[in-house]
Amino acid sequence: MIVRFLSILCFGVLVASAHSVEGNNDNEDIPYLELAEPDEGYHGLIRENETLVEVTPAIRARGPLCSFLILNNKHHGEAPFEIMVIDENEARLRVRYPLNCEKRRNYKFDIAAVGCDGSYSNTVPVHITVTDVNEFAPVFSQAAYVRSVDEGKIYDEIVRVDATDRDCTPRYGDVCKYEILNDGDRSQPFAIDNEGVIRNTEPLEYDKSHNHILSVVAYDCGMLQSAPVMVTIKVNKPCRAGWKGLAERVDYAPGTGPLALFPAARLEACSSDERCPGVTRIQAAVTLQASRAGVACDRDTYTIHAQRTICGLDQKTIDLLPSPGAGNEWAKSLKPDSGRDGEQMFEFDGESTSAVIPESILKHSIGSTFALSTWLRHAPPPDHDKHRKEHVLCLADDHKMNRHHYALFVRNCRLILLLRRDFGEGDLNIFRPAEWRWKLPEVCDNEWHHYAVNVRFPNVELFVDGEPYRAPDGKGPEVIDDWPLHPAHGVNTTLVIGACWQGTESDMKHHMHGWMAGLGILLGAVHSPSELRCAARCREGLSLAPDLYLKSVSVEGDGAAEVETLVRRVAYGDARSFPTPGRRNVHLATTITCDNGRVIKARPAESYVMVLAPQTPTILLNGSADAARDYAHFRAGLPVFPDLRVQVLARSGDNVKEAETQKLDSCVVSVYPALNPDHEALALRGAASLPESDIRATLTRDGVSLTGTDTVHNYQKVLREIEYSNKKPAYYLNRVFKLTCSELNGRFTSNEYVQTLTVVHPRAAGDVHAQRPSGLADKLDVARDKSQASNNVEVPLAMNVPRAFAAHAQHSPHAAEVPSARILDLHSNKERTSNNVAVLIGAVCVGAVVSLAALGAARARARPRAAPRAHRVPPHDSEMAWDDSALTITVNPMDETATEVGRAAAPRAAPADSSDGESCSDSDSEHNDSSDDDEEVMAGKQHKYRNISQLEWDNSTM
């Protein structure tokens with residue numbers, strides 16, 4: 020108390036002295052502090068770990084100065100500072116002991132200068148601020164954190180950690196960041212934010228890790244790191260609801276009927292789990308997953324025509340997507356895909372694939388009652404253009420205008436039917452329905468679906484996958500009314516599949532991008548629901564009852580025992596005789612509803628059915644490979660396959676037997692080159708019996724095409740009725756026909772059966788080898804016959820060899836097998852001499868022949884002319900006369916026998932009418948007498964003349 024009293028007393032004295040000094044500023048014997056703004060005072064900064072204070076402005080005094088005095092303020096307590104005089108007029112401030120910002124940040128006191136005589140200057144306030152030093156690291160509020168979570172969930176906040184810092188300023192005293200230390204393991208599925216909230220980034224699994232231990236640190240704003248704290252996250256053992264006793268693979272043998280998939284299935288429903296004390300409802304769904312036509316299942320690969328018999332479709336249904344080929348040339352621009360075991364699908368690329376339907380297939384006016392159906396697989400366009408049209412079928416103006424008369428197209432995942440009335444149908448001033456729009460998710464799911472539209476204008480009904488379509492909201496399709504089309508003179512229409520014709524641009528637009536199959540239209544009637552269900556139904560699927568094939572089966576019960584019983588009854592079956600082999604995935608999903616409302620999803624179970632390859636049938640075609648008939652039979656017509664036998668053989672174990680229940684759906688008879696319609700034709704003798712079966716016949720120049728699903732017996736009967744006729748058989752050697760048959764739209768194909776019909780040409784009397792003498796071979800035949808008749812000499816073997824006649828070797832596009840011209844060596848069995856000797860002998864013989872020819876010509880001139888022969892060719896047949904003046908005969912000089920025969924024949928020819936006595940003209944005249952001027956003889960002479968000349972030309976060029 021005494022010290023404080025003395026301080027107050029001194030302070031009063033100093034104040035009085037200061038006032039005294041202020042009143043006597045001119046007194047230089049009294050010190051005073053130099054400061055521009057005495058009221059502002061001095062300001063100083065000092066760090067916690069420093070001793071000198073940075074004072075602004077510097078402390079200076081005038082006058083006689085001995086020291087400085089710090090006057091403590093009673094309101095601020097004692098100031099731990101002292102002033103040191105460093106020269107006559109300046110001083111510095113320092114601390115007497117280390118300061119602590121966390122305890123006290125600000126100090127305020129007054130100072131005064133003291134003269135050597137004890138006088139005091141004026142007093143000036145000093146403000147000192149202690150600046151912080153980042154000396155403390157953040158500290159967590161808890162030594163460790165522990166939390167528990169459930170498996171399979173994503174949490175926004177699992178735990179929040181908190182840390183504080185003892186530093187006095189926000190710069191070092193606030194926590195600005197938290198971090199999870201990885202320790203090299205970056206697979207931890209957790210994250211932490213700047214507020215200290217820890218969450219999981221993916222569902223946690225008990226099997227992978229029961230506990231997750233994290234090391235978390237905090238940073239203040241000066242980035243000083245704290246000591247790590249342990250955070251333990253425990254994963255609760257889940258309720259292991261799921262199925263056991265399921266086979267991963269189930270093998271299915273075709274033809275064995277339904278097969279139970281899960282005969283030993285057992286469900287664990289977590290009845291002992293505290294989170295699910297009791298079970299209220301269990302639901303299980305078994306799904307067969309595949310991606311084929313027919314509601315994603317394996318369906319029969321029959322065409323529309325075949326389905327007429329199978330499903331009872333109307334016989335008048337027109338197939339608008341036939342297989343390109345004979346009779347369907349207009350569909351050759353389409354892109355069929357038969358790689359899926361014969362299933363005929365067509366791909367449309369969205370840019371160029373389309374086909375124009377001729378009016379001979381479908382009349383452009385379809386009336387007000389019709390049915391249109393198709394299989395369609397479509398996905399949204401890549402550019403997601405909501406205004407893009409993709410046409411299935413479209414009828415539009417062919418030029419001048421772009422009016423669409425009727426169409427079925429897809430736009431913005433809607434199936435739209437356009438049906439504009441013509442100007443002649445009703446009042447032009449009345450609005451009538453013109454467009455029906457169905458918003459269907461199936462249109463854009465990139466899966467196969469069957470769509471059928473039954474139209475009884477103005478009523479329109481849509482069937483999807485064989486069932487009438489009902490919108491989820493119960494509303495019908497959006498219907499747009501429009502005016503009828505106005506008349507346009509001179510404008511026709513064009514019907515297109517897969518696009519729409521733009522008449523003003525003369526180009527296709529609005530192409531379809533997707534897949535189509537089985538597009539058909541029925542005029543004047545509609546399909547019944549039963550027919551559509553049959554056409555769209557799967558013959559493969561899951562079922563709980565026989566003959567019921569479903570894509571998925573759902574069961575539910577109040578307890579696990581009930582659901583287990585139902586799931587064990589779920590079976591897989593395929594009623595097809597030859598199902599597509601391969602894998603079918605099966606998915607089993609289960610949901611458990613607990614008494615407390617909690618819903619538990621059991622682990623999904625996966626299995627698959629492996630459909631084994633069936634014993635494929637063998638289609639066998641047998642019969643006589645060749646048949647020879649005369650002209651009369653060819654003119655009247657003869658069966659091509661008179662004794663054909665068609666068999667379908669199936670293997671049963673080690674035995675092979677004939678399958679009586681099998682059916683064929685196609686047989687093709689081809690002939691090459693194509694028939695000449697002037698005198699060749701193919702016909703069906705029993706055409707009247709065709710309506711009794713489901714076989715359609717198409718006859719063209721290239722052959723016969725039989726289509727339609729029917730029994731083997733009916734196909735064999737129709738094939739035997741195919742008849743070939745030829746009005747000019749003399750022009751042909753033979754005709755070759757090839758036959759192939761198939762089943763399931765080409766999935767199984769028969770052997771290629773070849774049938775040859777050979778023309779038997781009439782022969783000359785007394786000549787067993789030739790119809791007409793021709794060239795050198797003819798002369799040798801005549802010489803042989805005369806030699807045998809007069810001298811009874813043995814003719815060499817070479818002269819008895821059968822030969823090919825030039826009259827039969829027609830150079831005609833109608834010939835079946837045209838032999839090329841060649842030089843015949845009649846003495847191949849003799850030894851050949853050297854080339855030089857042959858040339859020499861040949862030269863000598865040629866000279867001898869020339870000499871003999873000159874001698875014969877001289878004798879002919881000297882002989883008086885003989886009277887005309889009685890059998891000369893009439894003048895009107897002069898064009899058919901044989902002229903061999905250009906014929907060159909080459910005789911092998913090595914053959915002495917042939918030379919002798921030639922010499923023996925020369926005298927007998929001397930009495931002839933001219934030097935051409937041995938020519939074919941005489942032979943023909945003699946034969947004409949015996950054949951009574953038959954027209955085939957005349958045709959044979961004409962073609963003999965042409966072909967021998969051709970042969971001579973070919974030989975001359977060799």
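Count along the sequence shown from 1, then add 19; that gives the number in the numbering used here. The beta-carbon is built from N, C-alpha and C at its ideal position, and this holds for glycine as well.
* Asked: Bridge partners of D484, per DSSP?
  -> Partner(s): none; D484 has no beta bridge.
* To do: Rounded to whole angstroms, what's the CA-CA distance from N11 to G192? Just pull it up for me.
  => Given that the chain is displayed from residue 20 to residue 977, the structure contains no residue 11 and the question cannot be resolved.
* As assigned by DSSP and simplified to three states, the class of T610 -> strand
* Rounded straight-line distance, which links the Cα of V483 to that of E461 -> Rounded to whole angstroms, E461 to V483 spans 9 angstroms at the Cα level.
* Beta carbon of H229, beta carbon of V254: below 8 angstroms? -> yes
* To do: Pick helix, strand or coil for E898, following the three-state DSSP scheme.
  => Legend: pLDDT at E898 = 36, less than 50; position of this residue unreliable, no value from coordinates given.
* To do: Consult DSSP for H732 and reduce its assignment to one of helix, strand or coil.
  => Of the three classes helix, strand and coil, the one that applies to H732 here is helix, per DSSP.
* Asked: Do you know how far the Cα of A647 is from the Cα of H827?
  -> With a pLDDT of 37 at H827, under the threshold of 50, the modelled position of that residue is not reliable, and no figure is offered here.
* To do: Please go through the same chain and pick out, in chain order, the residues whose beta-carbon is closer than 6 angstroms to the beta-carbon of I78, but skip the five residues on each side of it.
  => A110
* To do: Can you grab the Cα-Cα spacing for the pair T393 / G765, in whole Å?
  => 21 angstroms
* Asked: Taking the alpha-carbon positions, what's the K227 to T220 distance?
  -> Taking the straight line joining both Cα atoms gives about 15 angstroms.
* Asked: Would you call the CB atoms of P477 and P452 closer than 8 angstroms?
  -> yes
* To do: Give the secondary structure of Y225 by DSSP, where H, G and I count as helix, E and B as strand, and everything else as coil.
  => coil
* Determine the closest residue to P636 out of R475, N770, S870 and V178, with distance taken between C-alpha atoms. => N770
* **6 angstroms CB neighbourhood of N615 in its chain, flanking five on each side removed** => none
* Asked: By DSSP, does Y470 sit in helix, in strand, or in coil?
  -> The answer is strand: DSSP assigns Y470 an E or B state.
* For D649, I'd like the list of residues in its chain whose CB is within less than 6 angstroms of its CB, leaving aside the five on either flank, ordered along the chain. => Around D649: V779.
* Given V820, which residues of its chain have a CB within under 7 angstroms of its CB, disregarding the five upstream and five downstream residues? -> Reliability fails at V820, whose pLDDT of 42 lies under 50, so the model's placement of it is uncertain and the value that follows must be treated cautiously. Answer for V820: no residue qualifies.
* Asked: Under 8 angstroms, do G274 and T719 count as touching if we go by C-beta distance?
  -> no
* Sequence-distant residues of its chain with Cβ nearer than 8 angstroms to H277 (five each side left out) -> Inspection of the sequence shows that residue 277 is occupied by Pro rather than by His. Excluding positions up to five away in sequence, the list reads S562, P565, A590, Y591 and G592.
* Asked: Roughly how many angstroms separate the alpha carbons of V375 and S643, rounded to a whole number?
  -> 43 angstroms
* Asked: Can you pull the DSSP bridge partners for G261?
  -> E287
* So L7 packs on V168, CB below 8 angstroms; how close in whole Å? -> Limits of the chain in this structure are 20 at one end and 977 at the other, which puts residue 7 out of reach.
* **Other residues of its chain near P748: CB distance less than 6 angstroms, five sequence neighbours each side excluded** => If we look at P748 and ignore the five residues flanking it on each side, its Cβ neighbours are Y650, F653 and V778.
* Ranges of the beta strand (DSSP E) found wholly within the stretch 590 to 663, counting only runs of at least 3 -> Counting whole runs of 3 or more residues, the stretch 590 to 663 contains the beta strand (DSSP E) stretches 590 to 593, 601 to 613, 618 to 620, 624 to 630, 637 to 641 and 645 to 648.
* Cutoff 6 angstroms; reference L243; Cβ partners in own chain excluding five residues on either side -> Excluding residues within five positions, the ones whose Cβ falls inside 6 angstroms are N153 and A156.
* Minimum C-alpha distance to P600 - residue among L631, E583 and A608 -> L631
* Per DSSP, which one or two residues make a beta bridge with P144? -> D129
* To do: Under 7 angstroms Cβ to Cβ from C85, same chain only, skipping five residues before and after it: list those, please.
  => Beyond the five residues adjoining it in sequence on each side, C85 comes within less than 7 angstroms, by CB distance, of V133, G134 and C135 in the same chain, given in chain order.
* **Residue environment, V143, which counts as buried when at least 16 other CB atoms sit within 10 Å** => Result: buried.
* To do: Express the C-alpha separation of D684 and S744 in angstroms, rounding to a whole number.
  => 27 angstroms
* Please report the residue range of the beta strand (DSSP E) in which S685 lies. => K682 to V690
* Asked: Who are the near neighbours of D441 in its chain, counting only those whose CB is closer than 6 angstroms to its CB and skipping five residues on each side?
  -> L504
* Asked: On the three-pair Cβ rule with 8 angstroms, is the stretch 396 to 415 touching the stretch 517 to 536?
  -> yes
* Asked: So D501 and R439 are in contact, right, with Cβ under 8 angstroms, and what is the actual spacing, rounded?
  -> 7 angstroms
* At least 3 beta-carbon pairs within less than 8 angstroms: the stretch 541 to 551 vs the stretch 335 to 353 -> yes
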